[in-house]
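**Q**
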Amino acid sequence: MILSETLNCILNQSFTNWECIIINDGSTDSTELVAQLYCKKDPRFIYIETINSGLSSSRNTAIKISRGLFIQFLDADDLLEDKKIENCVDFYVPSSDFQNNIVYTSMRYFEDERLENLKIMGRDHFIAHVEMTSNDSLESQNEVILNRNPFVISASLYPKKVFNDIGYFDETLTQNY
Numbered sequence: 065m066i067l068s069e070t071l072n073c074i075l076n077q078s079f080t081n082w083e084c085i086i087i088n089d090g091s092t093d094s095t096e097l098v099a100q101l102y103c104k105k106d107p108r109f110i111y112i113e114t115i116n117s118g119l120s121s122s123r124n125t126a127i128k129i130s131r132g133l134f135i136q137f138l139d140a141d142d143l144l145e146d147k148k149i150e151n152c153v154d155f156y157v158p159s160s161d162f163q164n165n166i167v168y169t170s171m172r173y174f175e176d177e178r179l180e181n182l183k184i185m186g187r188d189h190f191i192a193h194v195e196m197t198s199n200d201s202l203e204s205q206n207e208v209i210l211n212r213n214p215f216v217i218s219a220s221l222y223p224k225k226v227f228n229d230i231g232y233f234d235e236t237l238t239q240n241y
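Start counting the sequence shown at 65; every next residue gets the next number (this note's numbering).
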């Protein structure tokens, strides 16, 4: 998959009040050229270049300069359904209670560029069923979170306030931890 496919899925969103902050963290491919083309095409794209600061630092940079109420992470090899952001935003109740809630959606996972080879993960179609409830022991919940990694960052929409209130990504941790 190439970056332009990922950026096109942002352009195709039914929710149009977005900004897309593209962080190039020392990439040696055509990321800069592709990103600059999209920035010229649409002012909602913003390009930032950093030098190998790491994934957590890149995400923190984007969060800090973002102007919206919500954060949608999207890595260069991720795609979103056309109504993903709209559906998540619509899920939030317009009150102060929503501000620290995260909306998590189903996801489809594919291992190569052929989208027909995808695996569906979500409420109705699991390849690995993971459930946690408040009745589960803390040890059990920790085991699921730490060892089974049931979360995919692009499947969620985060209120920006979560990061302002709780904090940002720990930049000492490496990718996938």
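Glycine included, each C-beta is placed from N, C-alpha and C at the ideal position.
Nothing here was measured: the structure is a model prediction, and the numbers come from that model.
Check whether the stretch 141-150 touches the stretch 109-123, taking contact to mean three or more Cβ pairs, one atom from each stretch, closer than 8 Å.
**A** no
**Q** Under 7 Å Cβ to Cβ from Phe-79, same chain only, skipping five residues before and after it: list those, please.
**A** Excluding sequence neighbours, Phe-79 sits near Ile-149, Glu-150 and Val-153.
**Q** Which same chain residues, not among the five before or five after Ile-127, have their C-beta less than 8 Å away from its C-beta?
**A** Ile-135, Lys-224, Phe-227 and Tyr-232
**Q** Pick out whichever of Glu-207, Trp-82 and Ile-87 has its Cα sitting closest to the Cα of Leu-67.
**A** Ile-87
**Q** What I want to know is whether the C-beta of Phe-155 ends up closer than 8 Å to one or more non-hydrogen atoms of the ligand ADP.
**A** The ligand content of the structure shown is nil, which means the ligand ADP is not present either.
**Q** Could you spell out where the beta strand (DSSP E) holding Asn-88 opens and where it closes?
**A** It spans 84-89 - the beta strand (DSSP E) in which Asn-88 sits, taken as one unbroken run.
**Q** Could you spell out where the beta strand (DSSP E) holding Glu-113 opens and where it closes?
**A** 109-114
**Q** With Asp-139 and Ser-218 assumed to form a contact (beta carbons below 8 Å), what rounded beta-carbon distance in angstroms separates them?
**A** 7 Å
**Q** Where Lys-104 and Leu-97 are concerned, what is the direct C-alpha to C-alpha distance, given to the nearest angstrom?
**A** The straight-line gap from Cα to Cα measures roughly 11 Å.
**Q** Which residue comes first and which comes last in the beta strand (DSSP E) that contains Ser-220?
**A** 220-223
**Q** In its own chain, which residues sit with a C-beta less than 7 Å from the C-beta of Gln-100, not counting the 5 before and 5 after it?
**A** Tyr-111
**Q** Short of 8 Å in beta carbon distance, which residues of its chain neighbour Leu-237, apart from the five on each side in sequence? Order them along the chain.
**A** Ser-120
**Q** Ser-130 and Glu-235: beta carbons closer than 9 Å?
**A** no
**Q** Going by DSSP, what residue range makes up the alpha helix (DSSP H) through Arg-123?
**A** 119-129
**Q** When we look at the beta-carbon of Thr-114 and count the other beta-carbons within 10 Å, is it buried (16 or more) or exposed?
**A** By the beta-carbon neighbour count (other beta carbons within 10 angstroms, threshold 16), Thr-114 is exposed.
**Q** Would a C-beta distance cut-off of 9 Å place Ile-166 and Leu-221 closer than the cut-off?
**A** yes
**Q** If we count the other Cβ atoms within 10 Å of its Cβ and call it buried at 16 or more, is Leu-133 buried or exposed?
**A** exposed
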